[in-house]
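One structure below.
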Amino acid sequence: SLLAGWLWNWTIFISGFPWSATTALPVAAAVGLLWRRRELVALLADPTCQALLVSQALVAGWCLGWSGLVQTYSGGGWTSDWFEHWERALFFLRREPLDHLFLGVYPLTARPPLANILMVGWLELTEADFAHYQLFSTLLASLVFLPAALLAAQLGGRSAPKDSQPISILAVLCMLNPLFVQNTTFPWTKLPAAMFVLAALHFYLRAGVTRTAKIMAALFGLALAAGLLTHYSAAPYAIALGIAWWRRRPPVVAGPDFARATLVAAIAGALVLATWLGWAIPTYGVSGSLMTNTAITTVANNPTSQAWRIAFNLRDTVVPHFLRSPESRLIEQSSPWGYVRDWFFQSYQLNLIFAFGSLTWLVLLRELWQRHRRADHGTRRFWWSFGAIVFTLGVATHGARDEWGLTHICLQALVLMGLAVVAVGWPQLHNRWRRLVYCGVAFDFATGIALHFAIQSQALDHWLAPGRTAAEIARGYNQGALMNLGGMIENRLLPAAGAIDPTLALALALAAIILALCRARSFKHRGT
């Protein structure tokens, strides 16, 4: 459905049709659901489908609640990206000149457009203001939970998630993971790309256990291409899965069938990519279409210097910042609670270990070791090589040096895979390991979610230092926070927090987590 939205809305843009034509999509969807209503009723009666839908609704409600509290964005060095993607959505909606530079720097081809084009359709159907843009961005990003849940089923050794407990556990782990919540509520396109990546991995695994391998191959190619059209952070996964497809051929696709399935996957992916590149290259040229992304424009001129950049970035993505001495000016500020928030924010977002959770990573290591011991040689080689390729390329594709780490750029799908592993292994965990996770997620919620949104909503400042204006509050934080507030004021953007009652937003978030915890606790833990 997202690909259909992309194809239709992109056709509207390049053809010059009025954007009101996007109303054909919900009409077509309603007609299709009515036509296939019997299948729809049967699908909704399936317990697994119900568990997925309920958990997705709770995850989305939780994220929407926190998003509805944001008065202005802040956190570490996160600046401007939120405005660039809002600007890109308006570019397509208003059909601005093709030589427009976003943030005064980046051409259109510096970022792939799938998520921005989807956003245009939704804004056209509702209201083209920043509050709606915020909420739609959060909804789109939260959809990454669905393929993560399907992946949990695959990692559990089943072709479909017969047991709903891992789905509910994964929902809670995601809802209490700072990296996940912070990225769903920051309106950019990394998690939507991760959604397509995880879907591609699911279809790849399905191709090895089902006789409908050609269909799975087509979906595999479509999902990877859609990920690349959403954010170039999908590229390391596309390379890793492409190598895996060729070297570790699905067992039910042998001989000529493998060649045909490979051709189907390649054609499906190429057709999707051609919808963008087939327009961009004639319009901007090969160099203007393929060489404008920051992964290329920030690369050092000297190959040796670039190799050292990559080596140090790899180290700094794994070694937490508090065990090193990165440049501290990024988070220097007069606000003591702002400094504490940024200290933890930099840990959860940029360090691969703490991205899983302050203590959850210990449980993940245990589960990975247990799975390593049980797996056969081929399975071990696939997963370890996949992880190594994604980690190395995911860091290497960032051309610039970053002393704080780079987990948030390309490794978010890898983090969600790790949470899925923990969710699958939860029923077999001893109580002491579960208590470790409980303590960890409670700490993560306090330092990475509650504190973060108490600052972004300006509630903490109003409680602890009342009487100050928004500008005075922002000056207490780092330069990035001040830039974000300046962008909101200069462009007269009213966030969702200014359009709805923050109490209702917080109530939505709390209701979602309470229901999610109740669902997770309602299952009888096996082996205990």
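Following the numbering used here, the numbering of the sequence shown begins with 1 at its first residue and continues without gaps. Built from N, CA and C at the ideal position, the CB exists for glycine as well.
Query raised in the report: Would you call the region 120-137 and the region 102-111 touching, i.e. three or more CB-CB distances under 8 Å?
Result: no
Query raised in the report: DSSP puts F102 in a beta bridge; with which residues?
Result: Y106
Query raised in the report: Which one of L464, V120, V318 has the shortest CA to CA distance from T392?
Result: V318
Report task. May I have a chain-ordered list of the alpha helix (DSSP H) segments no shorter than 4 residues that lie completely inside the region 145-196? Result -> 145-155, 165-175, 178-184
Query raised in the report: When DSSP labels each residue in this structure, what does N313 get in the three-state scheme?
Result: Residue state, collapsed to three classes: helix.
Requested in this report: Give a yes or no on whether 8 Å exceeds the smallest Cβ distance from R468 to chain B.
Outcome: Absent from the structure is chain B; it holds one protein chain and no more.
Query raised in the report: Anyone know if the C-beta pair for F354 and S347 falls short of 8 Å?
Result: yes
Query - Exposure of R95, with buried meaning 16 or more beta-carbon neighbours within 10 Å - result: Exposed: under 16 other Cβ atoms inside 10 Å.
Query - Terminal residues of the alpha helix (DSSP H) in which F344 lies - result: 336-350
Report task. Tell me whether P231 is buried or exposed, calling it buried when 16 or more other Cβ atoms sit within 10 Å of its Cβ. Result -> In the sequence as presented, Pro is not what sits at residue 231; that position holds His. Buried, since its Cβ has 16 or more Cβ neighbours within 10 Å.
Query - Of the residues W82, D461, A218, A295, the one placed nearest L406, counting alpha carbons only - result: A295
Query raised in the report: Relative to the alpha-carbon of I310, which residue among T397, L330, F136 has its alpha-carbon at the smallest distance?
Result: T397
Query raised in the report: Which runs of the alpha helix (DSSP H) fall wholly inside the region 265-333 and span at least 4 residues, in chain order?
Result: 294-297, 303-318
Report task. Within its chain, find whatever has a CB closer than 6 Å to the CB of L414; leave out the 5 residues flanking it on each side and keep chain order. Result -> Excluding its 5 nearest sequence neighbours in each direction, L414 has C-beta neighbours in its own chain below 6 Å: V390, listed in chain order.
Query - Buried or exposed (CB count within 10 angstroms, at least 16 for buried), C518 - result: Residue environment: C518 is assigned as exposed (fewer than 16 neighbouring CB atoms within 10 Å of its CB, all protein chains considered).
**Report entry** Rounded straight-line distance, which links the Cα of A148 to that of V59
**Finding:** 12 Å
Query raised in the report: Are W10 and E124 close, meaning C-beta to C-beta below 8 Å?
Result: no
Query raised in the report: Among A200, L64, F180, L143, which has the Cα closest to the Cα of G448?
Result: Checked all of A200, L64, F180, L143; the closest Cα to G448 is F180.
**Report entry** For I169 and L205, the rounded distance between their alpha carbons
**Finding:** 22 Å
Query - Closest residue to A266 among W245, W276, F136 (Cα-Cα distance) - result: W245
Query - Classification of T72 by the beta-carbon crowding that lies within 10 angstroms, buried from 16 upward - result: buried
Requested in this report: Would you decide whether Q428 is buried or exposed? Buried here means 16 or more other CB atoms lie within 10 Å of its CB.
Outcome: exposed
Requested in this report: Just mark L40 as buried or exposed, buried being the case when its beta carbon has 16 or more other beta carbons within 10 Å.
Outcome: Classification for L40: exposed.
Query raised in the report: Can the beta-carbon of G440 be found closer than 8 Å to that of L493?
Result: no
Query - Unbroken alpha helix (DSSP H) run spanning I389, endpoints - result: 377-396
Query - Residue interval of the alpha helix (DSSP H) (run including R401) - result: First-last for R401: undefined, no H or E at that position.
Query raised in the report: From H202 to A499, what does the alpha carbon distance come to, in whole angstroms?
Result: Straight-line Cα distance between these residues: approximately 39 Å.
**Report entry** Residue span of the alpha helix (DSSP H) that contains H85, given as start and end
**Finding:** For H85, the enclosing alpha helix (DSSP H) starts and ends at 81-94.
Query raised in the report: E332 to S385, Cα distance in whole Å?
Result: Approximately 39 Å between the Cα atoms of the pair.
Query raised in the report: Do the CB positions of F445 and L43 come within less than 8 Å of each other?
Result: No, these two residues do not count as a Cβ contact at 8 Å.
Query raised in the report: Where does A160 land, buried or exposed, given buried means 16+ other C-beta within 10 angstroms?
Result: For A160, the predicted structure reports a pLDDT of 42, less than 50, and the residue's modelled location is therefore unreliable. The matter cannot be settled from this model.
Query raised in the report: Exposed or buried, W6, counting other C-beta atoms within 10 Å across all chains shown (16 or more means buried)?
Result: buried
Query raised in the report: If we count the other Cβ atoms within 10 Å of its Cβ and call it buried at 16 or more, is A531 buried or exposed?
Result: Residue 531 lies beyond the stretch modelled for the chain, which goes from 1 to 528, so this question has no answer here.
Query - Distance between beta carbons of F13 and I117, contact taken as under 8 Å - result: 7 Å
Query - Classification of A280 by the beta-carbon crowding that lies within 10 angstroms, buried from 16 upward - result: buried
**Report entry** D81 versus H377 - alpha carbon distance
**Finding:** 43 Å
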